[in-house]
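Participant:
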Amino acid sequence: MKKKTPLIPKVKFFKSSIFSHQDSRRGLIGLAGNLKFVSDSKQIKIINVTKKSVKKEIIGNHRHIHNSNQWEYIYVLHQNTKIKIFEFRYKNYEGPIKKKILFAGDCVCVPPGCALGLLPLVEDSILIEISNKVYNDNYEKINLFE
94 MKKKTPLIPK VKFFKSSIFS HQDSRRGLIG LAGNLKFVSD SKQIKIINVT KKSVKKEIIG
154 NHRHIHNSNQ WEYIYVLHQN TKIKIFEFRY KNYEGPIKKK ILFAGDCVCV PPGCALGLLP
214 LVEDSILIEI SNKVYNDNYE KINLFE
């Protein structure tokens, strides 16, 4: 009888819809659709990209140790849905480094053991990270932008 190999989760991409509104009182921006939130979320980070970071400062560039069981869900927001927002680099375990351009509304699921890094391409973009664990030192730095 053939032995079944357990499925190893890899980085996955999915899309949601962006909505926004601005008036004299405030500006708002959000995501709608199947957001695939971690059911047992413990931490949410909201990162606002400034002009200083654009094409210079890397966000992430790490991986959570495989046995940490720490997942990250990344959501990209920006008013303009047609421009490139982030250069996303990732690595599924010991596989090669891959690259994908992210636009507003793009979402990424990063399982434990997979590496991630983002290079902001425009200012005023927002990155939301939701994780099933609170930040601690269960990660290792990996340079995906050499």
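According to this note's numbering, the sequence shown is numbered sequentially starting from 94. For every residue, glycine included, the Cβ atom is placed at its ideal position computed from N, Cα and C.
For ILE176 and ALA197, I'd like the C-alpha separation in whole angstroms.
Facilitator: Rounded to the nearest angstrom, the two C-alpha atoms are 8 angstroms apart.
Participant: What residues match up with TYR183 in a beta bridge as DSSP calls it?
Facilitator: LYS191, LEU209
Participant: Determine the burial state of ASP230: buried for a count of at least 16 other Cβ atoms within 10 Å of its Cβ, exposed for fewer.
Facilitator: exposed
Participant: Leaving out five residues on either side along the sequence, give the residues of the same chain with a beta carbon under 7 angstroms from the beta carbon of GLU216.
Facilitator: VAL142, THR143, LYS144, VAL147
Participant: Any idea if GLN163 is buried or exposed, counting beta-carbon neighbours within 10 angstroms, 16 or more meaning buried?
Facilitator: buried
Participant: Take ILE139 and list the residues in its own chain whose beta-carbon comes closer than 6 angstroms to its own, dropping the five residues that flank it on each side.
Facilitator: ILE221
Participant: DSSP three-state label for ASN154, please.
Facilitator: strand
Participant: Report the residue from GLY210, SER218, VAL227 whose alpha carbon sits nearest the alpha carbon of ILE235.
Facilitator: Looking at the Cα atoms, GLY210 is the closest of the given residues.
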